[in-house]
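**Q** What follows is a structure written as structure tokens; I'll ask about it next.
Protein chains in written order, with UniProt numbering: chain R, 1 to 191; chain Y, 1 to 298.
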């Protein structure tokens, strides 16, 4: 089966340290005031004393049917055969159509290059056999990445074992980040 | 909040529609109006290339990599409305300049004038309405393709088309009334005003249907349209679009059609009603562009 790169994010393991955002910025020279990934807070839920707050990290969902790719007028926005959605800078004219079309607001206009910018799955690291910077740095092991079609990958094992949800599934984009909200005591071994 | 698409895009959406509307007005006046409508047709032809050229200028300035714009014309991405739209407006703008040239008085046609000019003019007048409808409505498809609750309305292209025709006619009425020479006569204006009034009714109905459909569709869309009805954009929506853009010019046009306007006020009323239609048309684009970006799914 074809490779389908994606993430599994375990919200119960996220402590909102924002190390993923720092690591991404350091790895990819993301301009200040902009970010390719994020940690969102649910706010305080419930009534005292039974209160909780859930942190939901995120980044480009590397969708199965990415609207940012279909709207791109020059073919700069592409979905690679392995499922990773990228922008080919030399073709990008900076029309920002992809940015407004992303329901996850995962893209931004890079003020230095004038082009659309987004999560690249740390392609430069994947080529060296490493995982994305945000995944490597995550101290709670909340972020996991890999081939969703490979049953031996960490992400597939997690999805098989725990209930998952995707964001805005009803919009039809087919997002490739799977969220797990329940407690995950141990991360399985795998690729 | 920060808006990715700002005023430049609004100006472009407005001017493209205006040009397309003026072009259709000119074409139909030539084909079906006969001698009597020559002035209307000429004014439409004189207007048409300019708003869209301005719009293309600001569109270029809005690009993050303006020097890369030629990339648009190295490819045709059939799934991207912006891609086929770019080709359509390139063709439209070029042809509208040629059409204007053919309408110039003979002594200004310095690049040559022949007996076949008239034939060319009529030929273009038959083709341009189709291209104009494309240019006016693709902007709706453009927003449809971006996955936002407010932009999801399937009737958006139709609304933009009707608004384009309405503003196009209004611009012809405005210039025809303002122009110091060859002022359009009463009868021509009467027909244009009638057409414009009908389009205003249609536009009002479309807005109503779009809002009702949106409100009933999903919670995200209901909230997006709520933003127009009673939220952040309610002031612009009710005052500038419904009030000043639709109801007031419609009432004025109705009075004009029934000859209820005293002669000494006639000019002022004609000018203000057509100007208000343009204002309304602009803010329709404005509100949809801005409120659309504000809206998200949940």
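Backbone N, C-alpha and C fix where the C-beta goes; we use that ideal spot for every residue, glycine too. The structure displayed is predicted, hence computed values, not measured ones.
Is residue 179 of chain R helix, strand or coil when you go by DSSP?
**A** Looking at residue 179 of chain R - three-state DSSP - the assignment turns out to be strand.
**Q** Rounded to whole angstroms, what is the Cα-Cα separation between residue 76 of chain R and residue 92 of chain R?
**A** Approximately 5 Å, taken between the alpha carbons.
**Q** Do you know offhand how far residue 53 of chain Y's Cα is from residue 246 of chain Y's?
**A** 27 Å
**Q** Quick check on DSSP: helix, strand or coil for residue 5 of chain R?
**A** strand
**Q** Name, please, each residue of chain Y whose Cβ falls closer than 7 Å to the Cβ of residue 99 of chain R.
**A** 4
**Q** Can you name the start and end residues of the beta strand (DSSP E) that residue 86 of chain R belongs to?
**A** 85-87
**Q** Can you name, in chain order, every residue of its own chain whose Cβ lies under 8 Å from the Cβ of residue 244 of chain Y, other than the five neighbours on each side?
**A** 276, 279, 280
**Q** Could you name each continuous alpha helix (DSSP H) segment of 4 residues or more that falls completely within the region 75-145 of chain Y, going from the start of the chain to the end?
**A** 81-103, 116-145
**Q** Do residue 21 of chain Y and residue 167 of chain Y have their beta-carbon atoms positioned less than 9 Å apart in this structure?
**A** Cβ atoms of residue 167 of chain Y and residue 21 of chain Y: closer than 9 Å.
**Q** Along chain R, which residues have their Cβ under 8 Å away from the Cβ of residue 214 of chain Y?
**A** Per Cβ cutoff of 8 Å: no residues; residue 214 of chain Y is ~15 Å from chain R at best.
**Q** With respect to the beta strand (DSSP E) encompassing residue 281 of chain Y, which residues constitute its N-terminal and C-terminal limits?
**A** Residue 281 of chain Y -> not in any beta strand (DSSP E); alpha helix (DSSP H) instead, spanning 263-294.
**Q** Kindly say whether residue 149 of chain R, judged by its beta-carbon, lies nearer than 9 Å to any beta-carbon of chain Y.
**A** Interface criterion not met: the Cβ of residue 149 of chain R is under 9 Å from no Cβ in chain Y.
**Q** For residue 47 of chain Y versus residue 18 of chain Y, is the C-beta distance shorter than 9 Å?
**A** yes
**Q** If we cut at 9 Å on Cβ distances, does residue 114 of chain R have a partner in chain Y?
**A** At a cut-off of 9 Å between beta-carbon atoms, residue 114 of chain R makes contact with chain Y.
**Q** Pair every Cβ in the region 54-62 of chain R with every Cβ in the region 14-30 of chain R, then say whether three or more of these pairs are closer than 8 Å.
**A** yes
**Q** Let's test the definition: count the other Cβ atoms within 10 Å of the Cβ of residue 185 of chain R and tell me whether it reaches 16, buried, or not, exposed.
**A** Exposed, since its Cβ has fewer than 16 Cβ neighbours within 10 Å.
**Q** Using a beta-carbon distance below 9 Å, is residue 64 of chain Y in contact with chain R?
**A** For residue 64 of chain Y, the nearest beta carbon of chain R is closer than 9 Å to its own beta carbon.
**Q** Can you list, in chain order, the residues of its chain whose CB lies under 7 Å from that of residue 60 of chain R, leaving out five sequence neighbours each side?
**A** Excluding positions up to five away in sequence, the list reads 85, 106, 118, 119.
**Q** Going by DSSP in three states, residue 34 of chain R sits in which element: helix, strand or coil?
**A** It is coil, neither helix nor strand.
**Q** Using a Cβ-Cβ cut-off of less than 7 Å, give me the residues of the UniProt domain "4Fe-4S ferredoxin-type" (51-82) of chain R that come near chain B, in sequence order.
**A** No chain B is part of this structure, whose protein chains are labelled R and Y.
**Q** Does any residue of chain R have a CB that is nearer than 9 Å to the CB of residue 80 of chain Y?
**A** Flagged as an interface residue toward chain R: residue 80 of chain Y, by a C-beta distance shorter than 9 Å.
**Q** What residues from chain R crowd round residue 146 of chain Y, counting only those whose CB sits closer than 8 Å?
**A** 67, 71, 97, 100, 101
**Q** Whose C-beta lies closer than 7 Å to the C-beta of residue 113 of chain R among residues of the same chain, with five residues either side of it excluded?
**A** If we look at residue 113 of chain R and ignore the five residues flanking it on each side, its Cβ neighbours are 89.
**Q** Starting from the C-beta of residue 11 of chain R, find all residues in its chain whose C-beta is less than 8 Å away, skip the five residues before and the five after it, and write them out in chain order.
**A** 54, 55, 56, 57, 142, 179, 180, 181
**Q** How would you list, in chain order, the residues of chain Y whose beta-carbon sits under 9 Å from the beta-carbon of residue 92 of chain R?
**A** 64, 65, 68, 71
**Q** May I ask whether a heavy atom of the ligand NAD can be found less than 8 Å away from the beta carbon of residue 85 of chain R?
**A** Annotation note on the ligand NAD: not contained in the displayed structure, which lists no ligands.
**Q** What does the Cβ neighbour count give for residue 12 of chain Y, buried or exposed, with the cut at 16 atoms within 10 Å?
**A** buried
**Q** Which whole-angstrom value describes the C-beta separation of residue 24 of chain Y and residue 165 of chain Y, a residue pair presumed to lie in contact below a C-beta threshold of 8 Å?
**A** 6 Å
**Q** What are the complete beta strand (DSSP E) segments, minimum 3 residues, inside the region 115-187 of chain R?
**A** Whole beta strand (DSSP E) segments, 3+ residues: 143-147, 177-180.
**Q** Can a CB atom of chain R be found closer than 9 Å to the CB of residue 251 of chain Y?
**A** no
**Q** When you compare only the Cα positions, how much space is there between residue 96 of chain Y and residue 197 of chain Y?
**A** Whole-angstrom Cα-Cα distance: 26 Å.
**Q** Give the single residue among Y:282, Y:200, Y:139, Y:265 whose Cα lies nearest to the Cα of residue 251 of chain Y.
**A** Y:200
**Q** So what's residue 51 of chain Y in DSSP terms, helix, strand or just coil?
**A** helix
**Q** Using the beta-carbon count (16 or more within 10 Å), is residue 187 of chain Y buried or exposed?
**A** With fewer than 16 other Cβ atoms from the protein chains shown falling within 10 Å of its own Cβ, residue 187 of chain Y counts as exposed.
**Q** Below 9 Å between beta carbons: does that hold for residue 164 of chain R and residue 103 of chain R?
**A** no
**Q** Can you give me the C-alpha to C-alpha distance between residue 30 of chain R and residue 22 of chain R, rounded to a whole angstrom?
**A** Computed Cα separation, rounded: 9 Å.
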